[in-house]
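Here's the structure, in structure tokens; my notes come after.
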Amino acid sequence: MDKSSWWHRLCTFLSLGLLFLLLLAAHYWAGDYYLRLLNTTAVFITMAVSYNLINGICGQLHLGPNAFVTLGAYTAALLTLTPAEKQASFLIAPLVWPLSDLALPFPLALLAGGLVAVLFAYLTGFPVLRVRGDYLAIVTLGFGEVIRVLANNLQTVTNGPMGLKGLTPYTNLWWSWGVAVLTVATVMGLKKSGFGRAMQAIRADETAARAMGIEPFRHLLLAFLVSAFFLGVAGGLLAHLITTISPTLFTFFLTFNLLIIIVLGGLGSTTGAILATIIITWGNEWLRVVEEPLDFGTFRLPGIPGLRTVIFSLLLLVLIIFYRRGLLGRWEFSWDWLFRKIQGRPDGG
Amino acid sequence: MTWAGFAQQLINGISLGSLYALVAIGYTMVYGILRLINFAHGDFLMVAAYLGIFGLAMFSLPWPVALVAALVITGLMGALLERGAYRPLRRAPRLSLLIAAIGASFLLENLALVFLGGRPLPFPTPAVFAGSFQVFGLYIPRLSLLIPGVTLILLAGLFYLVGRTRVGMALRALAHDGEATQLLGINVNRLISLTFVLGSTLAGVGGLLWAMKYPQVNPFLGVLPGLKAFIAAVLGGIGNLAGAVVGGLVLGVLEVLLVAWFPAWSGYRDAFAFILLIIVLLIRPTGLVGETVMEDKL
């Protein structure tokens, strides 16, 4: 191992340590509101980074992450609820057998959520990854719709439109940030590996990649499965953060938010996705003001629900028209870059 | 199911299918020329429906004036959308264009939500279009005849325009090869604007008829019909005008019959179109009618 790579590892290790200390501080001193915001940020980092694997790194427009999130959320929720709790919530029709008696600890439930999403991705990957471009976009958009319809109608599995209530809020800073760090490490590792380079070759020019002996289907399927796993786990985390899930919770709106995040961060940049997630989730909180009534003492301005989405839609349009590369483009933050900047050495030296 | 019952469902299916066809035409025309799925296309149903409410209920205009005004404004908004959001991206990667379309769709829906509220508004259907009559023991709402009738007339006009006029020839040339068309001295920008005006106006007609058929207008009215119309366009072979009509009718009739034959599955109705889409893309990706080569299908 050469010296600079050793330094980089040390820096990564130190910054993870810093994150740990920050989370520890938050764990003891932050109020409920900030805890929730920090948890949401971490879950969105997980979702955005794994979504970016398909859209940014492989260059395929996938519009169905909400389907995988829903699958993960329902699976994990059904597994952590105790049999008694399940009996109490399934009023119209009882839950089907193995699920009705099964109860697993939270980590295993999360894992199961991820695996169910992977299974779904595997089964649908064969037909879906044969198409490209707009067709891929619309078929994957269909996933979200199909899963929503299933969640609404499979009364004996999902409890229909009533959804699942009263989940134990297992998701805490350690779980949410732990998963986020794991996701980022996996996706960055994958991007640097031979598989990742092949994926980027497919993004640049699929025909040329084929001519070089890269099999697009195999690589896209791998990206699809990895992304599905983390989206599923994120769904499980989200379910145990919100504690109530229903079929209307994870709509195309979620996909839209993730799309804004990865476009803002720069399609293909993992560090960009992290940065953009932080900006968007915190910005979303600050913008809450515009939807709340404003009091000017003598007169009152009523709040305008939906205004935030107008702002975000405009942001997406402006970004895509005038600033298509996003914050970081395809560039990744690296320690090497930072050291060069600090020492004033030119890039690439 | 009895024959009378079947006929009844068939009429319902054709009327729904005609609406899909009207909207699918817009998708297929824009796709043929720009190779773009205009995600915001479905939202023009909503725009026209709200404009119809304004004209009819707020300004109490006579219905022909109100409806035509709604259609004209919808058509212009379609051209405006292209000018503002799609034209700057003409040379950008196609995925950027698609993302812009998604952004535009959310913008339209949420502007409606901000300005008009989320509560559904009733659509004041003019008396001419309401009511129903009975033939051979079948109960036929007047709209169920009106919708296919209007669709038929508009499509005949459109087919004439595209197939028999000079403008139509230019449109076909543009769909075939944009750069060569430009080299021939044809004003491509004006043609693209025209395509959007035509497509949005047809979607607007679809929206007004939809609002008469299901008289509850909300900001997200156009989302599901829009998606299904797009599926209808793919089903028929995207880029192909006749295909869009066939696809729309097939989808409408199948959807209605599915619910009629298997009432227990009615909840799955909205998933059906997507499953059909996946099957079509697998078995016959060029669609039922289309022989068009799709460059980015491997």
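In the order they appear, the protein sequences are chains F and E. Heads up: take any position in the first sequence, counting from 1, add 13, and you land on this note's numbering. Heads up: take any position in the second sequence, counting from 1, add 8, and you land on this note's numbering. Beta carbons are placed, not taken as given, at the ideal position from N, Cα and C, and that holds for glycine. Quantities reported herein were computed from a predicted structural model and do not represent experimental measurements.
Checking contacts by CB at 7 Å: is residue i closer than that to chain E?
i               : result
L271 of chain F : no
L74 of chain F  : yes
P140 of chain F : yes
D147 of chain F : yes
E304 of chain F : no
R337 of chain F : yes
E228 of chain F : no
G155 of chain F : yes
I333 of chain F : yes
E364 of chain F : No information on residue 364 of chain F is available, as it lies outside the stretch 14 to 362 that chain F covers here.
V82 of chain F  : no
V144 of chain F : yes
G362 of chain F : With a pLDDT of 42 at G362 of chain F, under the threshold of 50, the modelled position of that residue is not reliable, and no figure is offered here.
The alpha helix (DSSP H) with residue i in it runs from where to where?
i               : result
Y147 of chain E : Unbroken run through Y147 of chain E is the beta strand (DSSP E), L146 to P149; no alpha helix (DSSP H).
F265 of chain F : F265 to G278
Y183 of chain F : Where Y183 of chain F is concerned, there is no enclosing alpha helix (DSSP H), given that its DSSP letter is neither H nor E.
I291 of chain E : R277 to I291
I324 of chain F : L320 to F335
T54 of chain F  : D45 to N65
R143 of chain F : Per DSSP, R143 of chain F belongs to no alpha helix (DSSP H) and is neither H nor E.
T257 of chain F : First-last for T257 of chain F: undefined, no H or E at that position.
L308 of chain E : Given a span of 9 to 306 for chain E in the structure shown, any question on residue 308 of chain E remains unanswerable.
I287 of chain F : T283 to W299
W273 of chain E : W273 of chain E -> no alpha helix (DSSP H), and no H or E assigned at all.
E228 of chain F : That residue, E228 of chain F, is in no alpha helix (DSSP H); it is neither H nor E in DSSP.
N68 of chain F  : Unbroken run through N68 of chain F: none, as it is neither H nor E.
I215 of chain F : G207 to A217
S201 of chain E : V196 to K221
T88 of chain F  : P78 to T93
W348 of chain F : W348 to Q356
L3 of chain E   : Residue 3 of chain E lies beyond the stretch modelled for chain E, which goes from 9 to 306, so this question has no answer here.
T171 of chain F : Q168 to T171
D185 of chain E : First-last for D185 of chain E: undefined, no H or E at that position.
Since residue i and residue j are thought to touch, with beta carbons under 8 Å apart, how far apart are those beta carbons, to the nearest angstrom?
i               : j               : result
Y64 of chain F  : L271 of chain F : 5 Å
G256 of chain E : Y28 of chain E  : 4 Å
A134 of chain F : G85 of chain F  : Actually they do not touch by this definition, with Cβ atoms about 11 Å apart.
E158 of chain F : D278 of chain E : 6 Å
P96 of chain F  : D114 of chain F : 5 Å
G63 of chain E  : A77 of chain E  : 5 Å
G127 of chain F : F243 of chain F : 7 Å
T59 of chain F  : V239 of chain F : About 12 Å separates the two Cβ atoms, so there is no contact after all.
Q17 of chain E  : V258 of chain E : Contact doesn't hold; Cβ gap of about 14 Å is too wide.
L235 of chain E : L284 of chain E : Actually they are not in contact, since the Cβ atoms of L235 of chain E and L284 of chain E sit about 12 Å apart, beyond 8 Å.
H21 of chain F  : W348 of chain F : 4 Å
L217 of chain E : V136 of chain E : With 8 Å as the limit, L217 of chain E and V136 of chain E do not qualify as a contact, their Cβ atoms being about 13 Å apart.
Which first and last residues belong to the beta strand (DSSP E) in which residue i is found?
i               : result
S140 of chain E : S140 to V143
Kindly indicate if chain F contains any beta-carbon less than 7 Å away from that of residue i.
i               : result
Y276 of chain E : yes
S104 of chain E : yes
L119 of chain E : yes
G86 of chain E  : no
G255 of chain E : no
A279 of chain E : yes
G34 of chain E  : no
G260 of chain E : no
G111 of chain E : yes
L289 of chain E : yes
A183 of chain E : no
F270 of chain E : no
L334 of chain E : Shown here, chain E extends from 9 to 306; a query on residue 334 of chain E therefore has no answer.
L151 of chain E : no
A252 of chain E : no
A135 of chain E : no
Of all the residues that make up the region 89-100 of chain E, which are near chain F by a beta-carbon distance shorter than 8 Å? A93, P96, L97 and A100
Quick one: complete alpha helix (DSSP H) runs, 4+ long, within the region 14-74 of chain E? 51-61
Beta carbons nearer than 9 Å to chain F: which residues of the region 204-221 of chain E have them? none
For the region 314-331 of chain F, which residues have a CB atom closer than 8 Å to at least one CB atom of chain E, in sequence order? I317, P318, G319, L320, T322, V323, F325, S326, L327, L329 and L330
Listed from N- to C-terminal order along the chain, which residues in the region 122-133 of chain E have their beta-carbon within a distance smaller than 8 Å of any beta-carbon of chain F? V122 and G126
Of all the alpha helix (DSSP H) runs that stay within the bounds of the region 94-174 of chain E, which reach a length of 4 or more residues? 102-124 and 150-172
Along the region 36-64 of chain E, where does the CB come closer than 7 Å to a CB of chain F? Name the residues. I45
With 8 Å as the limit, tell me which residues of the region 162-178 of chain F have their beta carbon closer than that to any beta carbon of chain E; keep them in chain order. V162, L163, N165 and N166
Looking at chain C, which residues of the region 109-136 of chain F have a Cβ within less than 7 Å of any of its Cβ atoms? Protein chains F and E are contained in the structure displayed, whereas chain C is not.
Members of the region 244-274 of chain F near chain E, C-beta cut-off 7 Å: F269 and L272
Contact residues within the region 272-302 of chain F, judged by C-beta distance below 7 Å to chain E: L272 and V276
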